[in-house]
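Number of protein chains: 2
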Amino acid sequence: MSIADKIVAGDIRAVARLIRDIDDMVPEAREVLKDLYPSTGRAYVVGITGAPGVGKSTLVDQMVAHLRKAEKTVGVLAVDPTSPFSGGAILGDRVRMQRHSMDEGVFIRSMATRGYFGGLTQSTKSAIDVLDAMGKDYILVETVGVGQDEIDIVRSADTTLIVLIPGMGDDIQALKAGILEVGDIFVINKADREGADRTVSDIRLMIEMDEKRYENGWKPPILTAQAVFDNGIKEILDEVEKHATYLRSSTERQSGIKYEKVRNELTEMIKDRIVRDVLSDLIQSGEFEDAVQLVFQRKLDPYTACDNIVSKKLKPGDK
Amino acid sequence: MSIADKIVAGDIRAVARLIRDIDDMVPEAREVLKDLYPSTGRAYVVGITGAPGVGKSTLVDQMVAHLRKAEKTVGVLAVDPTSPFSGGAILGDRVRMQRHSMDEGVFIRSMATRGYFGGLTQSTKSAIDVLDAMGKDYILVETVGVGQDEIDIVRSADTTLIVLIPGMGDDIQALKAGILEVGDIFVINKADREGADRTVSDIRLMIEMDEKRYENGWKPPILTAQAVFDNGIKEILDEVEKHATYLRSSTERQSGIKYEKVRNELTEMIKDRIVRDVLSDLIQSGEFEDAVQLVFQRKLDPYTACDNIVSKKLKPGDK
C-alpha cells in the first residue's frame with residue numbers, strides 16, 4: 001500500500017508522518033502530495049483568524065465539539081505561536097483542548113515551524129491537502145494576527161472568520177488595512193465585556209462604508225459569542241453553512257473563486273520553491289558567503305551583488 | 320550633476336523622487352542606489368515597532384522634536400497602514416505631526432505601497448539607504464505589528480524600540496514568539512493607564528527568563544512614557560545613546576552585528592529579486608495563466624505544475 005493510499009484510507013500515523021515531512025521540507029513529501037491531489041477538494045475549509053488573546057483556540061475547540069455532535073469529522077491546523085497546540089498559551093487552554101485528543105474523528109496538528117526560508121504558508125496549505133485527502137469533512141485553520149502570511153493562509157479557506165473582542169478600537173483601524181476584505185463572518189468573542197455593542201457597530205459601519213464590495217454578494221454577518229461558555233457557537237456554524245450554500249448557489253461565482261484560489265496557491269508555491277532552491281544552492285556552493293564578504297568589506301554594493309547572483313541563477317529570458 | 324550627487328547634496332526633490340521610484344520599482348532606481356552606496360553607513364537607524372494604537376506615531380513625533388533641539392537632522396520612514404503619515408489614523412495625529420513639515424532638517428516619508436510581489440521590506444531598506452546618503456543623522460523607522468515583514472525591517476535598525484501599552488497581557492505571549500528578541504529597548508507608553516506596573520514586571524520577567532541571551536551583553540531597559548505629554552522621551556533617547564555606545568564599545572561585536580545585517584539584507588534582496596523577475600516573466604509570457612488553467616481543470620496537480628515552471632526558469636545546478 002503506497003503512502004498516499006494509506007492516507008486516503010485514514011491511516012493516522014501515515015498522515016502525521018507526512019505532515020511532519022512537509023514541515024521539515026523533506027523532498028519526497030512533494031511526490032506523495034502529487035499522488036494525493038486527485039483525492040483532495042472535498043473538505044470544507046474554515047479559516048479562523050484574529051489577534052492574540054481573542055480566544056480563537058477556545059472557539060475552535062467549541063466548534064469541533066459541535067461538528068462532532070453533528071457526526072462530521074474534523075481536522076484542525078493551528079498556525080499560531082500563542083496557540084495551546086504549539087505550546088505558547090497557558091495550561092488551562094491546553095487542558096481544555098485535550099478532550100478531543102481521544103476522538104478518532106478529530107485530527108489536530110500545529111504548524112509551528114518557521115524555516116529559514118519562510119515556507120509556513122506553503123506547508124500549511126499542503127497540510128490542508130493532506131487532511132482533505134484523508135477524508136475530513138471540515139478543516140479548521142487557526143491563524144494569529146493580520147500579517148501577510150496569515151492573509152495568504154486564510155485565502156485557502158472557503159469561509160473565513162475574523163475574531164475580535166470588545167474594546168479593540170484602534171485595532172479596527174489595522175483590520176481595515178488588510179484582513180477586513182478576507183472576512184466572511186465577524187465574531188465578537190468575550191461579548192460580555194464592556195464595549196461589545198460599540199465594536200459590533202464599528203464593524204457594521206466599516207462594512208457598510210465598503211458597500212460596493214458587497215452588493216449582489218455575501219455581506220459578512222457580525223455575531224457575538226462567549227466561546228468559553230459555549231454561547232454563540234451554534235449560530236457561527238449556522239452562518240458557515242449559509243456561506244457554504246451561498247458559494248454553491250452560483251456555478252459562475254464558485255468557479256471564479258476557485259480559479260482565484262488556484263492562482264494564489266500556485267503563485268505562493270512558485271515563490272516559495274524558487275527562493276528555497278536558489279538560496280540553498282547559493283549557500284551550499286559558498287557563493288552566498290563570498291558575496292556577503294564583499295559587501296561587508298564594502299568592496300561591492302549589495303545591489304550589484306544581487307544582480308550578479310540573480311543573472312547567474314535565472315535562465316535568460318528573465319531579466 | 321548626477322541624481323546620486325544631488326541626493327548626497329541633500330536635494331529634497333531628488334530624494335522624494337527616488338523614494339517614489341523605489342516604491343514603484345522603477346528599474347533605474349537600482350542604478351542610483353548603486354551610486355549612492357558609498358555614501359551610506361553613517362546614519363543611526365532606530366526602529367520603533369508595536370501594535371496599532373500604542374502611540375508609536377506620537378512617540379516618533381516627540382523623538383523628532385528632541386533630536387531637532389539637539390541639532391540633529393532626522394529622517395522618518397513610516398511603514399504602517401494605521402500611521403498618520405500613510406493616512407490610516409485620525410486627523411488629530413495628522414495635525415500633530417505637521418509641526419515638522421516646514422523643518423528642512425526633517426524628512427518624513429511613508430512606505431505604504433505593497434506591490435503584488437511583496438517588496439515593502441525591500442523598498443523600506445532602500446529608502447533607509449537614501450536618507451542615510453542624503454546625510455540624515457538619525458533615521459526613525461516606524462513599523463506596526465509583529466509579522467515577519469516587520470521583523471525583517473527592524474533588523475536593519477541599529478537600535479530597536481518595542482512600544483507597548485498597559486494591559487496587553489495576552490499580547491506579551493505573542494511578543495515572546497517573535498519580536499522580543501529584536502527589542503533593544505522596551506517602552507511602556509500611556510503609562511498612566513491601569514496596569515502599567517504589571518506590564519513592566521511581565522516584560523522584566525520575560526527578559527530575566529531569557530538570561531542566557533543577555534549575559535555579557537546588552538540587557539534591554541524597560542522605560543515608561545506618556546508620549547502625548549512629552550514624558551519619558553528624553554530618557555528613551557538617552558537609552559538609544561547608551562545602546563549606540565554599547566555597540567561601538569567592541570569592534571568585534573560591532574562587526575559581527577554588521578556582518579549579520581549584510582547577510583540578512585542580501586538574503587532578502589535576492590529573494591525579492593528572483594520572485595519578482597520570475598513571476599513577471601511568467602505572467603507576461605502567458606505561461607503562468609496556462610498553468611493555472613491546467614490546475615483549475617484538474618488536469619495537473621499544482622505541485623507538478625510548480626516543478627515544471629521552476630525547472631524552466633532556474634539554471635541547472637539548482638534543483
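Listed in order, the protein sequences are those of chains Z and H. Each residue of the first sequence is one higher than the one before, starting from 1 at the first, in our numbering. Each residue of the second sequence is one higher than the one before, starting from 320 at the first, in our numbering. Heads up, the beta-carbon is just placed ideally off N, CA and C, and yes, glycines get one too.
Who are residue i's beta bridge partners in DSSP?
i	result
G75/Z	F107/Z, I139/Z
V326/Z	In the structure as shown, chain Z starts at 1 and stops at 319, and residue 326/Z therefore has no counterpart that could be examined.
Q545/H	N550/H
L337/H	The partner list for L337/H (beta bridge, DSSP) is empty, contrary to what the question assumes.
L164/Z	I188/Z
Kindly list the residues whose CB is nearer than 6 Å to the CB of residue i, restricted to its own chain and excluding five residues on each side of it in sequence; keep chain order.
i	result
A9/Z	none
E461/H	I367, K375, V379, A397, D399
V614/H	P621, A624
L386/H	V393, Y457
L480/H	I367, I504, V506
L566/H	Q573
H419/H	V383, V425
I522/H	F505, I541
D340/H	A348
Starting from residue i, trace the alpha helix (DSSP H) both ways and give me its first and last residue.
i	result
V187/Z	Unbroken run through V187/Z is the beta strand (DSSP E), 185 to 188; no alpha helix (DSSP H).
L261/H	Because residue 261/H is not part of the residues shown, which for chain H are 320 to 638, the question remains open.
A348/H	346 to 355
G256/Z	251 to 285
T377/H	375 to 388
V182/Z	Here V182/Z belongs to no alpha helix (DSSP H), and DSSP marks it neither H nor E.
T40/Z	Unbroken run through T40/Z: none, as it is neither H nor E.
S445/H	439 to 452
K6/Z	3 to 8
Leaving out the 5 sequence neighbours to the left and right, which residues in its chain are closer than 7 Å to residue i when beta-carbon positions are compared?
i	result
G514/H	P485, G486
K444/H	S475, E584
L91/Z	Because the pLDDT at L91/Z is just 34, under 50, the model does not fix this residue reliably, and the value given afterwards should be weighed accordingly. The answer is none, since no qualifying residue turns up.
V373/H	V482, L483, I484, N508
L33/Z	S126, D129
N627/H	none
K553/H	H385
G575/H	none
Quick one: grab the DSSP three-state call for residue i.
i	result
Q297/Z	coil
R193/Z	coil
A291/Z	helix
D210/Z	coil
G51/Z	Here residue 51/Z turns out to be Ala, not Gly, going by the sequence shown. Coil at A51/Z, not helix or strand.
D11/Z	coil
P302/Z	helix
D521/H	helix
D343/H	coil
Tell me which residues share the same chain as residue i and place their Cβ nearer than 8 Å to its Cβ, disregarding the 5 neighbours each side in the sequence.
i	result
D152/Z	T121, N264, E268
A244/Z	Y44, D158, T159
L300/Z	A291, L294
Q545/H	N508, K509, A510, D511, G551
M1/Z	A9
Can you give me, in chain order, the residues of the stretch 604 to 623 of chain H that have a beta carbon less than 7 Å from any beta carbon in chain Z?
-> Cβ contacts with chain Z come from A610, V611, V614, F615, D620, P621, Y622, T623.
Near-chain H residues of the stretch 256 to 270 of chain Z - C-beta to any C-beta below 8 Å = For the stretch 256 to 270 of chain Z, the beta-carbon criterion of a distance under 8 Å to any beta-carbon of chain H is satisfied by K258, Y259, V262, R263, E265, L266, T267, M269, I270.
Name the residues in the stretch 341 to 356 of chain H whose C-beta lies less than 7 Å from a C-beta of chain Z; which are they?
-> Within the stretch 341 to 356 of chain H, the residues whose Cβ lies closer than 7 Å to some Cβ of chain Z are R349, L352, K353, Y356, listed in chain order.
According to a CB-to-CB cut-off of less than 9 Å, which residues of the stretch 370 to 387 of chain H neighbour chain Z?
-> The residues in question are A370, P371, G372, V373.
Of all the residues that make up the stretch 217 to 244 of chain Z, which are near chain H by a beta-carbon distance shorter than 8 Å?
-> Of all residues in the stretch 217 to 244 of chain Z, none has a Cβ within less than 8 Å of some Cβ in chain H.
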